[in-house]
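Reading through the structure tokens given below for one structure.
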Amino acid sequence: MAINGRVLISGAGIAGLTLAICLKEYGEDPVVVEQSPELPDQGYMMDFFGSGWDVAERMGLTDKLRALRYPIDKLQFVNAEGKPYTSVPIKRIKRALDGKYVYLRRPDLVRILFDRAEALGVQVRFGKEIADLREREEHVDVKFDDGSSDEFALVFGADGVHSGVRRLMFGEESQFARFLGAYVAAFHIEDHDLPVRRTAQIHEEPNRVAFYYPLGDRSLDATFVFRLDEVDVPPNQQLSFVRRSFKGSGWIGEALLDAYKGTAPLYFDTLTQIAIPRWSRGRVTLLGDACGCLTLLAGQGSHMAMAGAYLLAQELQRYDGNHVAAFTSYEAMMKPEIARRQEDAAAFAKIFMPTAQSKPWLRRLVIQAGFNPLVLPFALRYFGSKSILENENDENEEA
């Protein structure tokens, strides 16, 4: 690869750090800027497999992933009293995915990627954000929010669903946002006495779902998803907003929200997809949630962020630094995959949470059927167990 000069990546998240690592290993000089003063610890527990696992394997990171080993032996769907009506051994899920599967928190993955980037000598500048972009014939002039400026051969916007790079290059977020009618909040809590031991639990009620994951003997991670019209919620009101939305909730929902004192960061956002007609303009392109946010309902956001970053770096190498050809090829490969998964996630959002009209017995029957050992491998394909890098391998063999 021969990019003529340094490149700038906005966002030290999953997509941005994956791209930085890949470019550095190809001999390029990426610089990462991150508006947060440090690596964020906000996030939620997620299943990691499929395309993300394939990229992590190629990057030599799967041993790090497996070493996390959270104490989760089973996944259970529980009623308002905490009694399970469906119980699935995690070993069953791992077998269906040939062992290429872990539970981890989103910040865990970011930390693993950051440590690799740091070991490779990637420069990451915290507390810094792009304020202005001006494209020139041979480079992009970049002005930062601290008043400093610099120039880079290429600029990559990997700064999330509320991307500043996207706003500067393509316009306001409202043009591209698709609100799916729900919110998500997540946090972890230490030193609790709640009855969650070695079992991930899911509790459903009309228009709200709670997920509980043990992190240790007395710590757990909680994610709350609830259906509500879109409103503006100031940061200092987010916790009370979630508490009101789960008032009267069964099982441990209310107790857990009361026990959370705000000492660990609260992750809070709308479930909003991003669909944008073009991902690139000149020497600037977008990746990850900035151009194709799926939302956590897809169960594939991190996987696709890593895959997109990996393929983008690969195309820049394939086209010897010709950014126009590389960006075009990258978008042609990724955009149809993202669009299909967004459609699936939008459809899933309508049935993900029960409504007042839902028939509990029917939902339970469907859930139990989906985790049947014979059905599970096919159900997992809906959530991205088939890696998009398999398509890349097929194309390479044909070539």
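Add 130 to the 1-based position in the sequence shown for the working numbering, that's all there is to it. The beta-carbon is built from N, C-alpha and C at its ideal position, and this holds for glycine as well.
Just tell me which of I133, S140, A486 has its CA closest to the CA of L298.
S140
Cβ of A142 within 8 Å of any heavy atom in the ligand COA?
Of the ligands one can find in the structure shown there are none, so the ligand COA has no counterpart to examine.
Return the CA-CA distance between G212 and T353, expressed in angstroms with no decimal places.
16 Å
Less than 8 Å between the CB atoms is what I'm expecting for K221 and F179, so what's the real figure, rounded?
Actually they do not touch by this definition, with Cβ atoms about 14 Å apart.
Only counting the same chain, and skipping five residues up and downstream in sequence, which positions put a Cβ closer than 8 Å to that of M436?
Cβ contact annotation for M436 (same chain, cutoff 8 Å, sequence separation greater than five): I144, A145, T148, S181, G182, V185, A186, in chain order.
Is it buried or exposed, Q447, if we count other Cβ atoms within 10 angstroms and call 16 or more buried?
buried
For Q215, the three-state DSSP class (helix, strand or coil)
The question names Gln, but residue 215 is Tyr in the sequence shown. It is a strand residue.
Can you tell me whether L519 is buried or exposed? The criterion is at least 16 other CB atoms within 10 Å of its CB, across all chains shown.
L519 is classed as buried because its beta carbon has at least 16 other beta carbons within 10 Å across all chains shown.
Comparing C-alpha positions only, which one of C421, W409, L350, P364 sits nearest to A394?
The candidate whose alpha carbon is nearest that of A394 is L350.
Kindly indicate which residue of V372, A428, E335 has the alpha-carbon position closest to the one of Y390.
V372
Where does Q472 sit, in a helix, a strand or coil, going by DSSP?
Assigned with DSSP and collapsed to three states, Q472 falls in helix.
Where does A291 land, buried or exposed, given buried means 16+ other C-beta within 10 angstroms?
Reading off the sequence, residue 291 comes out as Val, not Ala. In summary, V291 is buried, with 16 or more beta-carbon neighbours lying within 10 Å of its beta-carbon over all protein chains present.
Closest to P167 by C-alpha separation, out of A142, R338, M463, K489, would be which residue?
The residue from A142, R338, M463, K489 with its alpha-carbon nearest to that of P167 is A142.
What ranges does the alpha helix (DSSP H) occupy inside the region 367 to 410, keeping only unbroken runs of at least 4 residues that lie completely in it?
The DSSP assignment places complete alpha helix (DSSP H) segments of no fewer than 4 residues inside the region 367 to 410 at 368 to 375, 383 to 389, in order along the chain.
With three or more beta-carbon pairs closer than 8 Å as the criterion, would you say the region 314 to 330 touches the region 377 to 392?
yes
On the three-pair Cβ rule with 8 Å, is the region 296 to 313 touching the region 191 to 200?
no
Inter-residue spacing [alpha-carbon to alpha-carbon] between L441 and L169
24 Å
Given a threshold of 16 other Cβ atoms within 10 Å of its Cβ, counted over all protein chains shown, does W491 qualify as buried or as exposed?
exposed
Sheet register partners of E335 (DSSP bridge)
According to DSSP, which records beta bridges pairwise, E335 is partnered with R338.
Is the region 366 to 380 touching the region 333 to 352 in the sense that three or more CB pairs, one from each, lie closer than 8 Å?
yes
Using C-beta distances below 6 Å, list every residue in its chain close to I468, excluding the 5 sequence neighbours before and after it, in chain order.
Closer than 6 Å at the Cβ level, and outside the excluded window around I468, lie G422.
Taking buried to mean at least 16 other C-beta atoms within 10 Å of its own C-beta, is A529 buried or exposed?
Note that A529 scores 42 on pLDDT, short of 50, meaning its location in the model is unreliable and no value can be drawn from it.
Go ahead and pull the three-state DSSP assignment for K516.
coil
Decide if the region 150 to 161 is in contact with the region 459 to 477; the criterion is three or more beta carbon pairs, one per stretch, under 8 Å apart.
no
Pick out whichever of A283, D399, P364, L369 has its Cα sitting closest to the Cα of G451.
A283
Could you give the uninterrupted runs of the beta strand (DSSP E) lying entirely in the region 165 to 198, keeping only those of 3 residues or more?
175 to 178
Have a look at R136, D159, Y174, I260 and flag the residue whose alpha-carbon is nearest the alpha-carbon of L427.
Y174
Three-state secondary structure (DSSP) of D479:
Per the sequence shown, the amino acid found at residue 479 is Ala instead of Asp. Reduced to three states, the DSSP call for A479 is helix.
Let me make sure I understand the geometry here. Which of D177, G135, I202 has the alpha-carbon closest to that of P83?
The structure shown does not extend to residue 83, since the chain spans only 131 to 529, so no value can be given for it.
Straight-line gap, R264 to L195 (C-alpha atoms, nearest Å)
39 Å
How many angstroms separate the CA atom of K204 from the CA atom of K224?
11 Å
Could you check what DSSP says for Y533 in three-state terms: helix, strand or coil?
The displayed coordinates of the chain run from 131 to 529. Any statement about residue 533 would go beyond what the structure contains.
So what does DSSP say about V361, is it helix, strand or coil?
coil
Is G287 helix, strand or coil when you go by DSSP?
strand
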